[in-house]
Amino acid sequence: MAELKDTFVVHGACTTCSMGMRPSQIVLQKTHGVFLKEQAQMTVEDCKANNHVICFGGCYSMENPKTQEAAEKVRKDVEEACPNTFLDKVMGAFTSGKKKKEEAASAEEGVPQVLGECTLRIIASEWDYGKDGVETEEKRPLMGGAKLHCIYGGEIEIVDPGQPEAGSGTSTTPQDNPAMGNANFMQGQFGFDEKSSKTMEAVYDKIQEKYKELSQMERNWLFARAISQLGDYNNKTVNVLFLKIETHAWRKGAGWAYEYDKEEKFFIESLEIKKEDYQYLRQMVRLQHFMSSDPLKYSYDALEQKHKKKTDDFNTWKSNMENATGKTFSDQEYLDYYKELYQNFGGKGDYSHMMYTIAANLNDNRHKVDNKWNNMGAKSLSWKNAEERKDVTGWLGDAVYTGDNNKISFGMDDYIADLDADNIAYRTADDTGLLDCMEQYYGDISSGNQDELRTKEFLENNSYEDIEKAVFERITSEDKNHDGKKNVEDLKDNETYKGTYDFLIKLKNLSKK
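Take the sequence shown: its letter number 466 is residue 798 in the numbering used here, and every next letter is one higher.
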């Protein structure tokens, strides 16, 4: 077993704080593209409070104003009910601080410490221990045992690096269970729990059984498209003046497994999936999509703000979760459950995005797909044939569409989803079952640097020259390097196409190896 300080730290690693109420975790909102045993690797700069470092449930430090407030409240309550001699004893214990907890316990047996809200204020700009001589996106990888300090006196330490069977603690990452089969990659790569993974396997098996007259390729398409429709890749409306217009963009790109309003009927009646399992799966697939693709909007902090300032929105979200899980939550129970989901889904590839793009690649001309579309709302997302459509619904669309903000949004969740979809679709050309193909693929890229292996496989199927050419046919840029050619160097320092530049440079550099 590797020593803690010799072990790289990954998303979900366990942390403690000397002033904290309980252990916590550190997480990534977006990955750096490097994975160890299917978990996203972290760097020394991943140290922002409430972004990377999750709160410790409560704070014992009397330097924290929130703890002082809690102590003052207790003081007033005790003053009303207790003699001054006992009050002095109680307040003396409160102000002793957690570091003196053991010696205080013997002298003040039976007297509790006060606990305030954990309001993290990290002092340093990076963890104090990283691996020298190795870089992850030009930053030092974070190592086990690294420490940070909170302004209120807490010492935060990584006590388990998060890797399976690594460091000084016991990891609970999903891939520890070898009996999970296909569910294993769904958990390790995308953060789904066992129930969601098993329900997806049941959906896949039912499709093989109910539609056995179809080719394996078409059954693969049906599974991928059915799941992606659960994840918000269903109908598509846009605002035109005062009207909402249905563009059918998702249907045009990949077809549909069921019409928009027939989803429940498809899963419950056609596939005979239990209603409670369908509702649970739908909620988890959608949350995985939202949390991986828009981690700030759907972060735990965002939910806390709704709880404090937008109670109607908070109650709606909680009610939706209760309906999906069949459970009743108190507000705090829901917050805790949501945090656990956020830690599992954050920093992962966007699963339903990937499944949508796989479905687009497996559908040549059926199920209401359109192989020619003049997209009046976004000309760069138009296509003239099936091959263009397949690229536009994946990597090409993400590389050229500037959106409402006139800026490319090509995050790591998109990069993983687009390249994995393309690679997996190529692998199914021999009529291999989709889940078997996905399990094999993730097993292969997990044998080394996942990001590098997925990118190399993508470049084996698509030449860099063709990729660059396709991008520049759909965007407008100046010839900044004055070489008379349209190429990636023209996008350097271009704020609109920064994501495109990063994407192309990454491919170009790896294509030369």
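Even for Gly, the Cβ is constructed at its ideal location relative to N, Cα and C.
All of these numbers come straight from a predicted model, not from anything done at the bench.
- Query: Hey, how far is the Cα of Asp-702 from the Cα of Thr-725?
  - Reply: By 1-based counting over the sequence shown, the position of residue 702 is 370. By 1-based counting over the sequence shown, the position of residue 725 is 393. Going from the Cα of Asp-702 to the Cα of Thr-725 covers about 12 Å.
- Message: For a test of the three-state rule: what should DSSP assign to Thr-347, helix, strand or coil?
- Response: Against the sequence shown, residue 347 aligns to sequence position 15. DSSP places Thr-347 in strand when its eight states are reduced to three.
- Message: Need the endpoints of the beta strand (DSSP E) that Leu-480 sits in, please.
- Response: Within the sequence shown, the letter at position 148 stands for residue 480. Per DSSP, Leu-480 belongs to the beta strand (DSSP E) from 479-481.
- May I ask you to report which of helix, strand or coil DSSP gives Met-686? By one-based count along the sequence shown, residue 686 stands at place 354. Note: Met-686 maps to helix in three-state DSSP.
- Query: Does DSSP put Lys-680 in a helix, a strand or coil?
  - Reply: The residue given as residue 680 occupies position 348 in the sequence shown. It is coil, neither helix nor strand.
- Query: Since Val-491 is in the beta strand (DSSP E), which residue starts that stretch and which ends it?
  - Reply: What you label residue 491 is simply residue 159 of the sequence shown in a count that begins at 1. That run of the beta strand (DSSP E) goes 487-492.
- Query: At what residues does the alpha helix (DSSP H) containing Ser-625 begin and finish?
  - Reply: In the sequence shown, the residue the question calls residue 625 occupies position 293. Segment 607-625, the alpha helix (DSSP H) holding Ser-625.
- Item | 4-residue-minimum alpha helix (DSSP H) runs that sit fully inside the region 714-770, ordered along the chain | 718-724, 727-732 and 744-759
- Query: Can we say the region 584-595 touches the region 640-649, given the rule of at least three CB pairs closer than 8 Å?
  - Reply: no
- Message: Restricting to runs no shorter than 3 residues, where is the beta strand (DSSP E) found entirely within the region 376-412?
- Response: none
- Message: Going by DSSP in three states, Thr-807 sits in which element: helix, strand or coil?
- Response: Here the question's residue 807 lines up with position 475 in the sequence shown. The sequence shown places Ile at residue 807, rather than the Thr named in the question. It is coil, neither helix nor strand.
- Quick one: give me the first and last residue of the alpha helix (DSSP H) that Asp-644 is part of. Residue 644 sits at position 312 when you count from the first residue of the sequence shown. Segment 643-657, the alpha helix (DSSP H) holding Asp-644.
- Query: Is it true that the CB of Ser-624 sits closer than 8 Å to the CB of Gly-585?
  - Reply: Counting from one through the sequence shown, the residue named residue 585 turns up at place 253. Counting from one through the sequence shown, the residue named residue 624 turns up at place 292. No, the Cβ-Cβ distance between Gly-585 and Ser-624 is not below 8 Å.
- Task: With DSSP as the reference, please indicate the residues paired to Val-342 in a beta bridge.
- Result: By one-based count along the sequence shown, residue 342 stands at place 10. Beta-bridge pairing links Val-342 to Gln-373.
- If you run the structure through DSSP and keep just helix, strand and coil, what is Met-475? Taking the sequence shown and counting its residues from 1, the one referred to as residue 475 is at position 143. In the structure shown, Met-475 sits in a strand (DSSP, three-state: E or B).
- Same chain only: Cβ atoms within 7 Å of Val-359, ignoring 5 sequence neighbours per side: Start at 1 with the first residue of the sequence shown, and residue 359 comes out as number 27. Once the five neighbours on either side are set aside, the close Cβ partners of Val-359 are His-343, Gly-344, His-384, Ile-386, Gln-675, Gly-678 and Gly-679.
- Query: Quick check: the region 714-734 against the region 829-837, are there 3 or more CB pairs under 8 Å?
  - Reply: yes
- Message: If you measure between the beta carbons of Ser-350 and Tyr-484, is that distance less than 8 Å?
- Response: Position 18 of the sequence shown holds residue 350. Position 152 of the sequence shown holds residue 484. No, the pair does not count as a contact, with Cβ atoms beyond the cut-off.
- Message: Looking at the secondary structure, which residues open and close the alpha helix (DSSP H) in which Met-549 lies?
- Response: For this step, residue 549 is matched to residue 217 along the sequence shown. It spans 548-562 - the alpha helix (DSSP H) in which Met-549 sits, taken as one unbroken run.
- Task: Give me the Cα-Cα distance between Lys-597 and Leu-603, rounded to the nearest whole angstrom.
- Result: To locate residue 597, count along the sequence shown from 1; it is residue 265. To locate residue 603, count along the sequence shown from 1; it is residue 271. For Lys-597 and Leu-603, the distance between alpha carbons rounds to 9 Å.
- Does DSSP put Ile-799 in a helix, in a strand, or in coil? Taking the first residue of the sequence shown as 1, we reach residue 799 at position 467. Looking at Ile-799 - three-state DSSP - the assignment turns out to be helix.
- Item | Same chain only: Cβ atoms within 6 Å of Thr-531, ignoring 5 sequence neighbours per side | Here residue 531 corresponds to residue number 199 of the sequence shown, with the count starting at 1. Within the same chain, Thr-531 has close Cβ partners Asp-609 and Leu-613.
- Return helix, strand or coil for Gly-585, following the three-state DSSP convention. Residue mapping note: residue 585 aligns to position 253 of the sequence shown, counting from 1. It is helical.
- Residues that DSSP places opposite Gly-462 in a beta bridge: The residue you call residue 462 lines up with position 130 of the sequence shown. Answer by DSSP bridge pairing, in chain order: Leu-474.
- Going by beta carbon distance, what residues of the same chain come within less than 7 Å of Phe-790, once the five residues before and after it are set aside? Locating residue 790 in the sequence shown gives position 458, counting from the first residue. Result list for Phe-790: Leu-751, Asp-754 and Asn-755, in chain order.
- Closest residue to Asp-464 among Met-475, Ser-457 and Ala-456 (Cα-Cα distance): Here residue 464 corresponds to residue number 132 of the sequence shown, with the count starting at 1. Among Met-475, Ser-457 and Ala-456, the Cα nearest to that of Asp-464 is on Met-475.
- Message: Please report the straight-line C-alpha distance between Ser-560 and Gly-587, rounded to a whole angstrom.
- Response: Locating residue 560 in the sequence shown gives position 228, where the first residue counts as 1. Locating residue 587 in the sequence shown gives position 255, where the first residue counts as 1. Rounded to whole angstroms, Ser-560 to Gly-587 spans 11 Å at the Cα level.
- Where does Gly-780 fall in DSSP's three states? Walking along the sequence shown from the start, residue 780 turns up at place 448. Three-state DSSP puts Gly-780 in coil, outside helix and strand.
- What is the C-beta distance between Ala-802 and Asp-746, in whole angstroms, given that I count them as a contact (C-beta under 8 Å)? As a first step, residue 802 must be located in the sequence shown, where it is residue number 470. As a first step, residue 746 must be located in the sequence shown, where it is residue number 414. Wrong, their Cβ atoms sit about 16 Å apart, outside the cutoff.
- CA-CA distance, Glu-665 and Glu-335? What you label residue 665 is simply residue 333 of the sequence shown in a count that begins at 1. What you label residue 335 is simply residue 3 of the sequence shown in a count that begins at 1. Cα-Cα distance, rounded: 35 Å.
- Message: Would you say Ile-483 lies against chain D (beta-carbon separation less than 8 Å)?
- Response: Annotation note: the requested chain D is absent from the structure, which comprises a single protein chain.
- Item | Counted within 10 angstroms of its Cβ, other Cβ atoms place Glu-489 as buried (16 or more) or exposed | Locating residue 489 in the sequence shown gives position 157, where the first residue counts as 1. It is buried - the Cβ of Glu-489 has at least 16 other Cβ atoms within 10 Å.
- Query: Residues in its own chain within less than 6 Å of Gln-611 by CB, not counting five upstream and five downstream?
  - Reply: Position 279 of the sequence shown, counting from 1, holds the residue named residue 611. Hits under 6 Å: Ala-656.
- Item | Assigned secondary structure, Leu-603 (DSSP; H/G/I helix, E/B strand, else coil) | Along the sequence shown, one-based indexing puts residue 603 at 271. Coil at Leu-603, not helix or strand.
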